[in-house]
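Numbering (full-length UniProt numbering), first residue to last: 34 to 306.
A virtual CB, placed ideally from N, CA and C, is assigned to each residue, including glycine.
Fair warning: this is a prediction, and the values are worked out from it, not measured in the lab.
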Amino acid sequence: VTPSLRRVAGAPPAVIAHRGASADHPENTMAAFEAAWAAGASWLETDVQPTVDGVPVLLHDDSVERTTGSTGTVRALTSAQLAELDAGSWFLRDAVAAAADPNRDPSPGSDRPPTAGAVHRIPTLAQLLAALTPGRRLLLEIKGAHTRAQVAAVLDVLGRSGADDRVLVQSFELDALGHVRALQPHRPVGVLVEDVALDPVQLCRDLGAVAWNPWFGLLDERPGLVAELHGYGVAVAPWTVDDPAAWQRLDDLGVDGLITNRPGALVRRLAGH
Ligand code: G3P
Ligand code: CA
């Protein structure tokens, strides 16, 4: 069984924390994930990639440079090398600089300020799954091209975790989704898109996808797609939406989830505060 993203009639859209509570904490770290849950998010979104020794780890970029200050790509480094890297200092430095900027947006965005001095590491997928207790759900993006063996390694970690029934796998990579379907034909998947070059309904049918998750601007251009996809039982969860006006517009369209860097602010908004 895989968790359903479909919105229950009368309920608000699911709050899906993009790379964790990444507006306020270093993205894709356990601290960002824990902060998202503490803020009331029901889902996390994160990105999985293989290390050179085949361990699925959670990092968005190909390169470790932006978020660790080190060099190299995830796929060229070992899990042991990645485990040594500092995945948090860059964020704290930027946060301090932003706080000192006299032109900064004074609106409070912070759910819980990051803790100076804490050490943040790049988590493995297994590490996150160990914290995925019942009630916590994961929208797991297979990031970048994956061979069948690399997809199999992700599914293997899911299968061993005891939390697999709380995970929905998604990807922009149609080949990777094809590998998932070939390896586990009954596993539902989501498809990520940034355009409508492929007909959304046909694409979901071809992939057996239960979710079609677009860049949110596509729904401003094609608002009718939400109802159309719902007609085929497909959920829609746009990314990455941090603006309250857009939250409202998309909520009104009936989207099933909102993928946001600001889960705490969205939770409060949906609760009417
Ligand atoms: O979940 C969708 C969103 O994360 C896709 O964009 O670049 O942030 O992985 P990106
Ligand atoms: Ca992602």
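Measure the Cβ-Cβ separation of residue i and residue j and say whether it is below 8 Å.
i    : j    : result
V267 : I292 : no
R214 : G241 : yes
T79  : R108 : no
A164 : F66  : yes
E174 : L225 : yes
L303 : P45  : yes
N61  : L91  : yes
V288 : G73  : no
V234 : Y265 : yes
G297 : A132 : no
T35  : P89  : no
G257 : L38  : no
Could you tell me the boundaries of the beta strand (DSSP E) in which residue i lies?
i    : result
R170 : R170 to I175
E58  : The amino acid occupying residue 58 in the given sequence is His; Glu does not appear at that position. Unbroken run through H58: none, as it is neither H nor E.
V187 : No beta strand (DSSP E) holds V187; the alpha helix (DSSP H) holding it covers R181 to S194.
L201 : V200 to S204
So who's on the other strand from residue i, going by DSSP bridges?
i    : result
A304 : Paired residue(s): none; A304 is not in a bridge.
I70  : Checking the sequence, you will find Trp at residue 70 rather than Ile. Answer is none; W70 lacks a bridge partner.
T106 : S96
I49  : W76 and I292
P89  : P83
P233 : Answer is none; P233 lacks a bridge partner.
N246 : L225
A268 : A244
T157 : V90
Tell me which residue opens and which closes the alpha helix (DSSP H) that residue i is part of.
i           : result
W76         : Run containing W76: none in the alpha helix (DSSP H); it sits in the beta strand (DSSP E), W76 to P83.
Q281        : P277 to L286
W123        : S122 to A133
L225        : No alpha helix (DSSP H) holds L225; the beta strand (DSSP E) holding it covers V222 to V226.
Q114        : S112 to A116
residue 315 : Beyond the ends of the chain as shown, which are 34 and 306, falls residue 315; an answer cannot be given.
Q: Considering only heavy atoms of ligand 2, list every residue whose Cβ is less than 5 Å from one of them, following chain order.
A: D80 and E174
Q. Quick one: any contact between the stretch 186-202 and the stretch 96-108, if contact means 3 or more CB pairs under 8 Å?
A. no
(Q) Taking 8 Å as the cut-off, does the stretch 177-186 touch the stretch 76-86 (at least 3 CB pairs, one atom from each stretch)? (A) yes
Q. Are the stretch 157-176 and the stretch 119-126 touching, with three or more C-beta to C-beta distances below 8 Å?
A. no
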